[in-house]
Amino acid sequence: MSKIVWRILSSIPTLFGVLIATFLITRVLPGDPAVFFASNPAMSNEDVEKIRVALGLDKSLIEQFWIYLGALWQGDLGTSISTGQPVATEMLTRLPASAELTIFAFLLAIAVSIPLGVVAALKPGSWVDQLCRIIATLGVSMPTFVTGLLLIYLFYYILGVAPEPTGRLDPFMFKPPTVTGFILIDGLIDGDPETTWAAFKQILLPGITMAIFALAPLARMTRASMLNVLSSEFIRTARANGLTRRKIVMTYAFRNAMLPVVTSLGMTFSYMLGANVLVEKVFAWPGIGAYAMDSLISLDYAPLQAFMLIMAGIFLLVNLVTDLLAGLVDPRAGLS
Amino acid sequence: MAATHSSTGRLATLRYILSENRLHQVAFLLFALLILAAILGPLLAPHDPLATNPDDALMPPSATYWFGTDQLGRDVFSRVLVATRLDMLIAFGAVGLSCVAGSLIGAVLGYFGGVLDTVSSRFVDVLMAFPLFVLAMAMVAALGNTVMNVIYATAIINLPFYVRLARAEVNVRRHMGYVEAARVGGSGHGRILLVFLLPNILSPLVIQASVNLGWAVLNAAGLSFLGMGVRPPTPEWGILVAEGARFIASGQWWIFLFPGLALMLAVFTFNLLGDALRDILDPRART
Amino acid sequence: MTSTTPPLLSVRDLTVDFRTRHGTVHVLENVSFDLAPGEIIGIVGESGSGKSVTAFAIMGILDKAARILSGDIRFENRDVMAMSPRARDLWRGKEASIIFQNPRTALNPIRPVGDQIADVIARHTPAAPAEVKARVLQAMRQVRIPDPEKRMSAYPFELSGGLCQRIGIAAALACEPRLLIADEPTTGLDVTTQAVIMDLIRDVARAGNLGTVLITHDLALASEYCDRIVVMHAGHVVETAPVAELFARPRHPYTTGLLGSVPSLVESVHDLRAIPGSLPDLRRSDLPPCRFADRCPRHQPGCEAPGLRPEPAGPNHLVACRYPL
Amino acid sequence: MSQSPILCVENLKKHFVLKHSNALTGREPVKLHAVDDVSLSIHPGEALGLVGESGCGKSTLSRLLCRLVDATSGKLFVDGRDISAMSAAAFSKSPLRSDIQMVFQDPTESLNPRFSIFDLIADPLRQLKRPKNRAEVQARVEAAARSVNLPLELLSRFPHQLSGGQKARVGIARAMVVEPRLLVLDEPTSALDVSVQATVLQLLDKIRHEQGVALLFVSHDLNVVRLLCSRIVVMYLGQVVESGATDPLFHHPAHPYTRALLSAIPTLREGARRERIKLDGDPQSPINPSGTRCRLYGRCPAQQALCNRVEPELRTLPDGRQVRCHFADAPAPPETAPAIDPEITPAPLL
């Protein structure tokens, strides 16, 4: 039990490092926000200075960092210069869109890649194995933005079976009342499966785009890990003891093979968060990636800072969860 | 049995592996093609990649324009071909930088360990906590939109992989017999690192580098797709795809598809090459 | 133990190849031997002699790269290789068992050891969970594991190498097989632990009238625990004889060479007799009929004639040499 | 033995700190006592055997003696000169470095796969002896190769092209090329087949007698050590439990552990077969060992209540042998071992 606590505590230094890094990144970005804000030529140097003081930019870096931490503690992520809205509010409306897309794609990728990798490893050289190799090699070679555009071209423009790639829901449909923030689920809660179906059609193409990206490394790792375990000595012992193939594969090989895969899920999730930016751009998805992108182009740093912080926070959380998960499966970690 | 190996054993094994595995042959062939295209691209291009020709705008692929033309009548084939050099330059530049710096840092940390190692590992953890692509975006935004900065940003986000790899590999080897033998033989730490350890961890590093080349190309193209890094009208695959994306809705598929395919082919080649090198250089992976 | 008893296990002309990247390795050629019920035989040879491959071929757990080119393996006069895969699975662990070297890696690292024994019992003699548990404890007691109730929920990494090997033996013996193969069961263990484990194997084998094959590179170890010894060299059986006979009257030059290089058998370093040369390259397609010919001090032109087979050279004594000592 | 020893160590200790002490929780440091208070000396031309099972600290001790690692405490003398203060790093730069050389356990792992055999042997020569020219290197490498019966045509090959026995000889040639006075051999034959082991043992014996180099032979196999060494040191859990001349130690072992070790060795010789003395139970942990209990307690067939209260000292028997046992000169232990004191907890399962 104490090891679990210890593992949770051990992510605190990294979290603190992340806070410093996000703070510093916006401080070294070019263009004084105050100058940008005060780019009105009528403003004098004194006016700019006033704004600098208002923004707290005249204080020392350490003081600014404490102010930043204090604000964070209050849940204040700053204010967007371009929209004038508190960043926290904007993030809250956009985060569910990104989360829904990423989790959808993540689950899709896991559902396809792990069985594929396992079957490929069980029958090396078979057509499933070949398919797995092709998918693994092609998948990592597909730039998400090209995959997305290809899917749009095929399914929207040529075949006409996919809806227009403009966000989470057809603009003429009503959004269900927000409960979870995930339209797929909120539609069902609202008793409106039609909305869920429409949202599903919208999320399918971007979801597949992202899933293809994550699928390849997962399938590859599952296959390699499974092959590795299958050739290990304790599998030979199990075979020599006459255990059924089913028992050997499920109880002996699969659980062992999943250990490295589970640990790497955090990394895969992180890659997907990064790819989010490109996918949201291609599919006009109103998520935090697109928001961060827009604010970066308009030199609006508060949203960018918040975005980085949220991303790193999610990454740390996911890693913590996968570590604990792996620890529960693996007695050597000493968590159970 | 081993004593019967001739001194050309390694070459012979390479030839054997290549003759055995079609995919490995394809990997080396494609790689050679990419390098050739990067070197000779501007010479081979049938049209000036920058010359506009409004009369021939948005032409579908034909005998004159193999990949069609864009909205300004520029030849898509020539633009895709000429872009190879820039994209390869970014990839090799970034990977070269991160590989050399990362493996040196990692090797030193792995060999000496201690407080420096602990602190550096934490630093790498923090770096890895950010989605790397987003980190690259922020860095290019911070440093300015130039090709060099794209290379630096890509190098920095790839650095942790080499640091971790070299650190782990050195850590495994630092107490191995041949390292201790070198110490008994009077070699100092610096000589052991440079003469004994680094050459022996070259194989995993080379494999990592070839896979990394693919990531680097993807990363650079992704940045320019978003309008960061390389700027139009310079031909670069990511920009070409971004420009072509606008014409999907009107059916001019060739403008985005061909640079997209070129990009895919390049990444595919590097991944295949990585697999081939893993097969050839890493005896443990051999079956 | 005499030739009148029908053998428990009979291996005839077993020939196995390995296909590798570096060519085909001729691992075994015409390996033959018998094992009587309750007998302990030792298969002795240096690395690369094919002892483990022989064991794996009998159990049917060879790698995918291996091909059995010919041979006949009979267990109680049943053709083992003709069994259906399912029948052979049911045979393995129930009637014939094997224990491996590296006891720690031979066990599933993330499954409690008691469950691993229970898996074998539940597979071959299904019973209610409580009954299975009782039999797991009994199997653990049989191999003298102290405090089995506590140990059964331990993981392999929590146990010493010697205890892990006892778990392996307990799992192998749980279903009361009649054949036990021990493949270098004490390699990697300390000598004091080795003695304990070997005594245990001998005791359970004698108590259960188990036909036992002990595979080892250690001639001295085999001499202490076995009734009869099969000497292998480069994939050939070169000599088979009861222990006392083999040490008193070794007939094959390789056996004498091996005996001369065992430190515990000589008084001083000057008495050691090394065998010159090394194993032939088993990838060669033109391997000579006697694979020891190149290293043999008694090598003569007649050695090159094909058709070398083990011939009787005394009571229960076979030797594959044209010019035996 | 009138000459002064080449290498002499006194009260050598090597403790690995697994967990540092914690002032907040008041936790004592957790230390693994790999080598605990070992004293021994090696004279010129002598062959000393160091025997023990895995984890007894013999490998750590051989690395301490080779100055590959620094000791926690204790004194080290080379030719009577105190070099305890000299760090391992400084020692590797000193002229003394070439006096003490080492041959490693695994012949494959101890040869840099990227060096040719010639460079493997030449490397310590170039580093330690600063040869004047290439001809001198060539001559000395070839001489070293000849002295270990390594065919000269192998010098241009790479380690993966050699057999196990050839690689073992390269390891010995590499150590011999700088003309050491002491060769520390860490299980040099444990990875070899017996027929190859025989040639290596004979080679080592020849080197010792022809070149006068002293050998410290580390092994788990008493029979191998017996053939090569005139004196044997037996270690158990970081301590020397018995040491003395080979023959008396081999034929009349004084310490119960030595007896158990000897009786466990399988042997072909009818006359040499001993009655098995079993060490049952798990060994004590080398981590923070109790200072008031014999380290063999719990496994020892001859243990008595005193062994659980007082840790025995290493003492000298009338025949000059050293033994760490309260009852070493008492008559042979009773057949039935006394029941284990229920108060003592056996070594943890983990």
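So the protein lines, in turn, are chains A, B, C and D.
For what it's worth, the UniProt record's numbering labels the leading residue of the first sequence as 1, then goes sequentially.
For what it's worth, the UniProt record's numbering labels the leading residue of the second sequence as 1, then goes sequentially.
For what it's worth, the UniProt record's numbering labels the leading residue of the third sequence as 1, then goes sequentially.
For what it's worth, the UniProt record's numbering labels the leading residue of the fourth sequence as 1, then goes sequentially.
We treat Cβ as the ideally placed atom computed from N, Cα and C, and that holds for glycine.
Small disclaimer: the values here were computed from a predicted structure and weren't measured.
Problem - Where the stretch 191-223 of chain C meets chain D: residues whose CB sits under 9 Å from a CB there - result: 191, 192, 193, 194, 195, 196, 198, 199, 217, 218, 219, 220, 221, 222 and 223
Exercise for the section: Return the chain-ordered list of same chain residues with a C-beta closer than 7 Å to the C-beta of residue 26 (chain C), the five sequence neighbours on each side being excluded. Expected result: 17, 235, 282 and 287
Problem - Chain-ordered residues of the stretch 264-284 of chain A with a beta carbon less than 9 Å from chain B - result: 267, 270, 271, 272, 273, 274, 275, 276, 277, 278, 281 and 282
Handout entry: Within-9 Å CB hit, residue 12 (chain D) to chain C
Key = no
Practice task
Please report how far the alpha carbon of residue 137 (chain D) lies from the alpha carbon of residue 177 (chain D), in whole angstroms.
Solution key: 10 Å
Exercise for the section: Compare the C-alpha of residue 111 (chain D) against each of D:99, D:167 and D:92 and name the closest. Expected result: D:167
Exercise for the section: Please report the residue range of the beta strand (DSSP E) in which residue 53 (chain D) lies. Expected result: Where residue 53 (chain D) is concerned, there is no enclosing beta strand (DSSP E), given that its DSSP letter is neither H nor E.
Practice task
Identify every run of the alpha helix (DSSP H) within the stretch 79-130 of chain B, keeping only runs that are complete inside it and at least 4 residues long; order them along the chain.
Solution key: 114-129
Practice task
Ignoring anything shorter than 4 residues or poking outside the stretch 200-237 of chain D, list the alpha helix (DSSP H) runs there in chain order.
Solution key: 222-228
Exercise for the section: Classify residue 38 (chain C) as helix, strand or coil using the three-state DSSP reduction. Expected result: coil
Problem - Partners in chain G for residue 327 (chain A), counting only beta-carbon separations shorter than 7 Å - result: In summary, chain G is missing from the structure at hand, where the protein chains are A, B, C and D.
Problem - Residues within the stretch 180-201 of chain D neighbouring chain C, beta-carbon criterion of under 8 Å - result: 193, 194, 195, 196, 197, 198, 199 and 201
Practice task
Below 8 Å between beta carbons is the criterion; list the residues of the stretch 240-267 of chain D that meet it against any residue of chain C, in chain order.
Solution key: 260, 261, 263, 264, 265, 266 and 267
Practice task
At 4 residues or longer, and completely inside the stretch 61-134 of chain D: list those alpha helix (DSSP H) runs for me, N to C.
Solution key: 88-91 and 117-129
Problem - Any beta strand (DSSP E) of 3 or more consecutive residues that is wholly inside the stretch 211-273 of chain B - result: none
Exercise for the section: Under 8 Å between beta-carbons, which chain C residues line up against residue 149 (chain D)? List them in chain order, please. Expected result: Within 8 Å Cβ-Cβ: nothing; residue 149 (chain D) doesn't reach chain C, min ~11 Å.
Practice task
Could you tell me the distance, in whole angstroms, from the CA atom of residue 26 (chain B) to the CA atom of residue 151 (chain B)?
Solution key: 28 Å
Exercise for the section: Give the residues from the stretch 260-275 of chain B that approach chain A closer than 9 Å (Cβ to any Cβ), ordered along the chain. Expected result: 260, 261, 263, 264, 265, 266, 267, 268, 269, 270, 271, 272 and 275
Handout entry: Contact under 9 Å by Cβ, residue 140 (chain B) with residue 289 (chain A)
Key = no
Problem - Endpoints, the alpha helix (DSSP H) within which residue 142 (chain A) is located - result: Residue 142 (chain A) -> no alpha helix (DSSP H), and no H or E assigned at all.
Exercise for the section: Would you kindly report the start and end of the unbroken beta strand (DSSP E) that includes residue 187 (chain D)? Expected result: Per DSSP, residue 187 (chain D) belongs to no beta strand (DSSP E) and is neither H nor E.
Handout entry: For residue 58 (chain C) and residue 217 (chain A), the rounded distance between their alpha carbons
Key = 39 Å
Handout entry: Own chain residues within Cβ distance below 6 Å of residue 172 (chain C), not counting five before or after
Key = 97 and 99
Problem - Residues bridged to residue 322 (chain D) [DSSP beta-bridge criterion] - result: D:243 and D:316
Problem - Nearest-angstrom Cα separation, counted from residue 12 (chain A) out to residue 128 (chain B) - result: 15 Å
Practice task
Using beta-carbon positions only, say whether residue 209 (chain C) and residue 234 (chain A) come within less than 9 Å of one another.
Solution key: no
Practice task
Using only the heavy atoms of the ligand PLP, determine whether one of them is closer than 8 Å to the beta carbon of residue 115 (chain C).
Solution key: Of the ligands one can find in the structure shown there are none, so the ligand PLP has no counterpart to examine.
Handout entry: Rounded straight-line distance, which links the Cα of residue 131 (chain B) to that of residue 312 (chain A)
Key = 7 Å
Practice task
Report the neighbours of residue 214 (chain B) on chain A: residues whose CB is nearer than 9 Å to its CB, in chain order.
Solution key: 140 and 141
Problem - Nearest-angstrom Cβ-Cβ length linking residue 174 (chain B) and residue 111 (chain B), presumed shorter than 8 Å - result: 5 Å
Problem - residue 180 (chain B), DSSP secondary structure in three states - result: helix
Exercise for the section: Mind checking who residue 66 (chain C) pairs with in its DSSP beta bridge? Expected result: C:18
Problem - Distance, residue 107 (chain A) Cα to residue 206 (chain C) Cα - result: 57 Å
Exercise for the section: Spell out the partners DSSP gives residue 38 (chain D) in its beta bridges. Expected result: D:12
Handout entry: Proximity winner among C:23, C:24, C:21 and C:39, relative to residue 7 (chain C) (alpha-carbon distances)
Key = C:39
Exercise for the section: Evaluate residue 148 (chain B) with the Cβ neighbour count: other Cβ atoms within 10 Å of its Cβ, from every protein chain shown; 16 or more gives buried, anything less gives exposed. Expected result: exposed
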